[in-house]
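The block underneath contains the structure these notes are about, expressed in structure tokens.
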Amino acid sequence: MKKRLTVSESRQKIYRFCAYQERSHSEVRDKLYEYGLYRDEVDEILSHLITEGFLNEERFAKAFAGGKFRLMKWGRIKIVHALEARGLTPNCIKSGMKEIEDDAYLQTLTEILQKKSQQTGDKDPFVRRDKVARFAIQKGFEPDLVWRVIKSSNNI
1 MKKRLTVSES RQKIYRFCAY QERSHSEVRD KLYEYGLYRD EVDEILSHLI
51 TEGFLNEERF AKAFAGGKFR LMKWGRIKIV HALEARGLTP NCIKSGMKEI
101 EDDAYLQTLT EILQKKSQQT GDKDPFVRRD KVARFAIQKG FEPDLVWRVI
151 KSSNNI
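Per the UniProt record's numbering, the very first residue in the sequence shown carries number 1; after that it's consecutive.
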């Protein structure tokens, strides 16, 4: 069993935890419960973190959506599902999704499709296109957009 931290020790640790990178409310709440705090203590610390600006779900959604798109090359569907799993409100999710520009999104999808097409060793174009499309859809890109890009491109 882990040692239960005091409220002041927990507060200091959670300040560092939140200052390191953007966090969602649910992540911070779970971490505080890991420290052995009770519900009223967790709620008090959470409200203090929000008023002091350490926690902001809209800011988290923007950072999360932008980061997952630019670094992990995730599509919108996968990002939205991940944000929903973290308990964010629809307004925060919508605000976070505005971080992804349409031109960059389409360009990233095209690059992913071309790269995967080159990696796939299938000679049959139908099999290759199917594998490439399934890969992009699994990464969270919209199926209709994936197929539209595949059909409009000659080298996929």
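Virtual Cβ for every residue (Gly too), placed ideally from N, Cα, C.
Boundaries of the alpha helix (DSSP H) harbouring GLN118: 102-119, taken from the DSSP string. A distance below 8 Å separates the beta carbons of GLU142 and ILE77. DSSP places THR89 outside both helix and strand once states are collapsed to three, so it counts as coil. Taking GLU101 as reference, the option from GLY36, GLY75, GLU84 with the minimal CA-CA separation is GLY75.
Ranked by Cα distance from LYS115, the options PHE135, ARG86, ASP124 are led by PHE135. For PHE64, the uninterrupted alpha helix (DSSP H) segment begins and ends at 57-72.
Here TYR15 carries a helix assignment [DSSP, helix/strand/coil].
With a cutoff of 8 Å on beta-carbon distance, ILE14 and LYS3 are scored as not near each other.
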